[in-house]
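*Asks:* Residue numbers (UniProt numbering), protein chains in the order written: chain X, 1 to 316; chain L, 1 to 323. Questions regarding the structure given below will be posed in turn.
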Amino acid sequence: MSEQTHAESSTDTDVVLEDTSNHDQIAIETSGEVGEVLLELDHVTLRFGGVVALNDVNFQIRRGEILGLIGPNGAGKTTAFNAMTGVYTPTEGAIRFKGKEIAGIKPHTINHLGIARTFQNIRLFPEMSAMENVMVGCDARHKTSVVGVLFRTYRVRPSEEELPESGIRRSLAKVFGISRHTLEERAGRRRSMELLRFVGIADRAHELARNLPYGYQRRLEIARALATEPELICLDEPAAGFNPAEKEDLMGLIRRIRDLGHTVLVIEHDMKLVLGVTDRIVVLEFGQKIAEGSPEEVARNPKVIAAYLGEPDDAA
Amino acid sequence: MDFDALISGLDRHTLDGITRGSIYALVALGYTMVYGVMKLINFAHSEVFMVGTWTVLGVYTVLGVTAGAGIGMVIAATLLALLAAMLASAGTALAVERIAYRPLRKKGAPPLIFLITGIGCSLVLVEIFGQVLRVVFGRPFGRVTVNIPSVLETKTVFTIPGLDLAVSNTRILIIVGAIVMMLALDTFVNKSRLGRGVRAVAQDADTASLMGVNRERVIMLVFVLGGAMAGVAALLYTVQYDITKFDIGFIIGLKAFTAAVLGGIGNLRGALVGGLFLGIVEVYASAIWDSSWTNVYAFVVLVVILMFRPTGLLGESLGKARA
């Protein structure tokens, strides 16, 4: 009981520090059950000319878990990410998301299906504000057509709280409705702000992305990816360049992302972080899967130890 | 050299320059938006403008309006011509994108191929109006200059006191029309969801598509918007000059491209600044020296400015639409 109280109070301080948001606005609706297979790599091979970047890789990501994808440099982790998000098409094998084959589908369509990602080397829209970066993500879920945006043709009857306060505009909105684009823009702004609060960078929402400090940029990438309401979010080395305290924060953030309803795939070099935050781990080396299992199993696996520390000679 | 001519008519020349520059600026928007998103100079854009001017003629001919029509008819005909020119120009731009550029993009063609394809499209469109349509329909198509009825007769609306500068209705239409269209476009790109998508693609196309932005749709959108702006420019041009010709787009397109580069290609507000600047410089220089050298002045100014500011007056970047 006392442990429970302690856990709660420590979560509370977290919340006060970096997350005062209303999660109703940013939690996502999921269509399946926790534990079912969400994404599956089925004997995926990817060659670039003579180089085999992925060699017959099999693994599954289950809904609601935090899966770690680890391996030495050049093991094919980012390549696997790129294949899942539509940047590369596998040479052989299939990638299925919610049972649907997604290899060869355009990146923006895969995003609409429910996969989003961040980048190892930060790739924000540098000349947009933090807020706008997140709004680009929100836009992926908005429905108004080109005509609807240009001419505001699609009108909806606003609810009481959507109505403007002042007299004439209020009457006009009552008669003609409000364009769906306007409502979507408002909702997008609210949601973006909530997400910025969620990742803990709302204080600099209106600064250009290129002027933000490094740690903020990393968090902004996560917020932007979350804005597209992905069922699966792929984080590519989110802790790169972080100090231990920041890594600790990030672990908390990753858990809270899962609690919102997202399934999380994380590539990471930092073993402490991976072992600390993930439910399961897949290990790649030279484009091949060499191990899969719980953090404890993987940490004990001699192949994994060898891959990370080099082949142990007999003396060792 | 006749600086007295410039000084004595400075107000009039400035008004002339702004009028001319407004048209350059509107056409320049098409170059600059396509460049911002695709890093491509769409050389067929000059013909997008040309198609607009012919559409205006077509609308007037069909309606049977001529100079001296009643005020209601003038307004209706002008609005209809504006709408038709915008649609025709946007349609032409979209057709060029769909027929010529998109297949190349799908095959991953190198940038030079796009460039020469654009020039090819431009020649095809020119020859359609200079040759093909003449063979099929006869006059007014062909290689001669065609008069467009001056439906909107030029009248002085007011005189600026003190300067003794007469401002006519056509000039008001051109300057106000150009400014309104530019403000609308600027607001669209900075404030709307689609504008955000355009800026996202301009800044990092691959990342944008991974964040769910449909790049193909953004490309279509910039061609359509750029085309529509060229259509507006076409109507305003015919209001001022009352003519069209199969190759009318060539010089206007070249000047508008110059204006876009002057202002900083890829930058919407740069197109406005570049267009107005170029228009004013041309008129001033023509007043001081000989007006038959107008084109020379324009390009001398371009070269000189780029020597000192290689990315144009406001710098390149559609992503950074705020100048």
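Virtual Cβ for every residue (Gly too), placed ideally from N, Cα, C. Everything numeric in this text was worked out from a predicted model, so none of it was measured.
1. Got a sec? Which residues, its chain only, sit under 7 angstroms from V37/L by beta carbon, not counting five neighbours each side?
2. Around the Cβ of K191/L, are there at least 16 other Cβ atoms within 10 angstroms (buried) or fewer (exposed)?
3. I want to see whether chain L comes within less than 7 angstroms of N58/X, judged by CB atoms only; does it?
4. Return the residue from the list R196/L, L276/L, S150/L, G91/L that minimises the CA-CA distance to H142/X.
5. Starting from V34/X, follow the alpha helix (DSSP H) in both directions and report where the run begins and ends.
6. Rounded to the nearest angstrom, how far is the Cβ of I288/L from that of F3/L, given a contact under 8 angstroms?
7. Which residues in chain L have a C-beta closer than 8 angstroms to the C-beta of M128/X? List them in chain order.
8. From what residue to what residue does the beta strand (DSSP E) around K289/X run?
9. State whether the region 290-305 of chain X contacts the region 268-280 of chain X, with contact taken as three or more CB pairs (one from each stretch) at a distance under 8 angstroms.
10. Note down the Cα distance separating C234/X from T263/X, rounded to an integer number of angstroms.
11. Using C-beta distances below 8 angstroms, list every residue in its chain close to L165/L, excluding the 5 sequence neighbours before and after it, in chain order.
12. Starting from E127/L, trace the alpha helix (DSSP H) both ways and give me its first and last residue.
13. For F158/L, which residues does DSSP report across the bridge?
14. For G49/X, tell me which candidate among T91/X, V37/X, A103/X, L226/X has the shortest Cα-Cα distance.
15. Please name the residues in the region 219-247 of chain L whose beta-carbon is closer than 7 angstroms to at least one beta-carbon of chain X, in chain order.
16. The alpha helix (DSSP H) that contains N133/X, what's its start and end?
17. Should D236/X be flagged as near chain L, meaning a C-beta pair shorter than 7 angstroms?
18. Closest Cβ-Cβ distance between A323/L and chain X: below 7 angstroms?
19. Does DSSP put F246/L in a helix, in a strand, or in coil?
20. Starting from F48/X, follow its DSSP beta bridges and name the residues at the other end.
21. For N147/L, which beta-bridge partners are listed by DSSP?
22. What's the gap between the Cα of Y88/X and the Cα of T79/X?
23. Just grab the DSSP bridge partners of T55/L for me.
24. Give me the Cβ distance between G275/L and A90/L, rounded to the nearest whole Å; I'm assuming they're in contact under 8 angstroms.
25. Report, in whole angstroms, the separation of the C-beta atoms of T311/L and G263/L, which I expect to be a contact under 8 angstroms.
26. Measuring alpha carbon to alpha carbon, tell me which residue in L46/X, I105/X, A187/X, F97/X is nearest S209/L.
27. Between which two residues does the beta strand (DSSP E) carrying T228/X extend?
28. Could one say the Cβ of N214/L lies closer than 7 angstroms to chain X's Cβ atoms, at least one of them?
29. In whole angstroms, what is the alpha-carbon distance linking L226/X and R258/X?
30. Less than 7 angstroms separating the beta-carbons of I174/L and L236/L?
31. Output the boundary residues of the alpha helix (DSSP H) element that contains L104/L.
32. From what residue to what residue does the alpha helix (DSSP H) around V149/X run?
33. When you compare the region 129-145 of chain X with the region 193-212 of chain X, are there three or more beta-carbon pairs, one atom per stretch, that lie closer than 8 angstroms?
34. According to DSSP, simplified to helix, strand and coil, what is G312/L?
35. Secondary structure at N211/X, three-state DSSP: helix, strand or coil?
36. Given that T187/L touches chain X, what residues does it touch there, using C-beta distances under 7 angstroms?
*Replies:* Judging by the given coordinates:
1. Working through the second sequence from its first residue, we reach residue 37/L at position 37. For V37/L, where only same-chain residues beyond five positions count, the Cβ hits under 7 angstroms are V198, V201, A202, V218, I219, V222, L318.
2. The residue labelled residue 191/L in the question sits at position 191 within the second sequence. The residue in question, K191/L, is exposed, as its Cβ has fewer than 16 Cβ neighbours within 10 Å.
3. The residue labelled residue 58/X in the question sits at position 58 within the first sequence. Answer no: the Cβ-Cβ gap between N58/X and chain L never drops below 7 angstroms.
4. Taking the first sequence and counting its residues from 1, one reaches residue 142/X at position 142. For the residues R196/L, L276/L, S150/L, G91/L, the minimum Cα distance to H142/X belongs to R196/L.
5. By 1-based counting over the first sequence, the position of residue 34/X is 34. That residue, V34/X, is in no alpha helix (DSSP H); it is neither H nor E in DSSP.
6. Here the question's residue 288/L lines up with position 288 in the second sequence. Here the question's residue 3/L lines up with position 3 in the second sequence. Right, the Cβ-Cβ distance comes to about 6 angstroms (below 8 angstroms), so this counts as a contact.
7. What you label residue 128/X is simply residue 128 of the first sequence in a count that begins at 1. By Cβ distance, chain L contributes R196, R199, A200, Q203, G319.
8. As a working mapping, residue 289/X is identified with position 289 in the first sequence. It spans 288-293 - the beta strand (DSSP E) in which K289/X sits, taken as one unbroken run.
9. yes
10. In the first sequence, the residue the question calls residue 234/X occupies position 234. In the first sequence, the residue the question calls residue 263/X occupies position 263. So the alpha carbons of these two residues sit roughly 9 angstroms apart.
11. Locating residue 165/L in the second sequence gives position 165, counting from the first residue. Contacts found: D11, R12, L15, T159.
12. One-based indexing of the second sequence puts residue 127/L at position 127. It spans 111-127 - the alpha helix (DSSP H) in which E127/L sits, taken as one unbroken run.
13. Looking up residue 158/L in the second sequence gives position 158. Paired residue(s): V167/L.
14. Walking along the first sequence from the start, residue 49/X turns up at place 49. Nearest option by C-alpha distance: T91/X.
15. L221
16. Walking along the first sequence from the start, residue 133/X turns up at place 133. It spans 130-139 - the alpha helix (DSSP H) in which N133/X sits, taken as one unbroken run.
17. Counted from its first residue, the first sequence places residue 236/X at position 236. No, D236/X does not count as interfacial toward chain L.
18. As a working note, residue 323/L is residue 323 in the second sequence. In this prediction, A323/L has a pLDDT of 34, which is less than 50 and means its spatial position is unreliable; nothing more can be read from the coordinates.
19. Taking the second sequence and counting its residues from 1, one reaches residue 246/L at position 246. Here F246/L sits in coil by DSSP.
20. Taking the first residue of the first sequence as 1, we reach residue 48/X at position 48. V51/X, per the DSSP bridge assignment.
21. What you label residue 147/L is simply residue 147 of the second sequence in a count that begins at 1. Paired residue(s): I243/L.
22. Working through the first sequence from its first residue, we reach residue 88/X at position 88. Working through the first sequence from its first residue, we reach residue 79/X at position 79. Each residue's Cα considered, the two are about 8 angstroms apart.
23. Start at 1 with the first residue of the second sequence, and residue 55/L comes out as number 55. DSSP, once it has assigned bridges, lists no residue as partnering T55/L.
24. Residue numbering aside, residue 275/L sits at position 275 when the second sequence is read from its first letter. Residue numbering aside, residue 90/L sits at position 90 when the second sequence is read from its first letter. That belief does not hold up - the Cβ atoms of G275/L and A90/L are roughly 20 angstroms apart, past 8 angstroms.
25. Here the question's residue 311/L lines up with position 311 in the second sequence. Here the question's residue 263/L lines up with position 263 in the second sequence. 10 angstroms between Cβ atoms; not a contact.
26. Taking the first residue of the second sequence as 1, we reach residue 209/L at position 209. Ranking the options by Cα distance to S209/L, first place goes to I105/X.
27. For the purposes of this step, residue 228/X is taken as the residue at position 228 of the first sequence. No beta strand (DSSP E) contains T228/X, which DSSP labels as neither H nor E.
28. Along the second sequence, read from residue 1 onward, the residue named residue 214/L stands at position 214. Chain X, which has a Cβ nearer than 7 angstroms to the Cβ of N214/L, makes this yes.
29. The residue given as residue 226/X occupies position 226 in the first sequence. The residue given as residue 258/X occupies position 258 in the first sequence. The straight-line gap from Cα to Cα measures roughly 11 angstroms.
30. On the second sequence, position 174 is the one that residue 174/L refers to. On the second sequence, position 236 is the one that residue 236/L refers to. Their beta carbons are under 7 angstroms apart, which means I174/L touches L236/L by this criterion.
31. Counting from 1 along the second sequence, the entry for residue 104/L is found at position 104. Here the alpha helix (DSSP H) through L104/L covers 102-106.
32. The residue given as residue 149/X occupies position 149 in the first sequence. Segment 146-151, the alpha helix (DSSP H) holding V149/X.
33. yes
34. Locating residue 312/L in the second sequence gives position 312, where the first residue counts as 1. Here G312/L sits in coil by DSSP.
35. Counted from its first residue, the first sequence places residue 211/X at position 211. The answer is helix: DSSP assigns N211/X an H, G or I state.
36. As a position in the second sequence, residue 187/L is number 187, starting the count at 1. Under the 7 angstroms cutoff, chain X gives no residues; its nearest Cβ is about 11 angstroms from T187/L.
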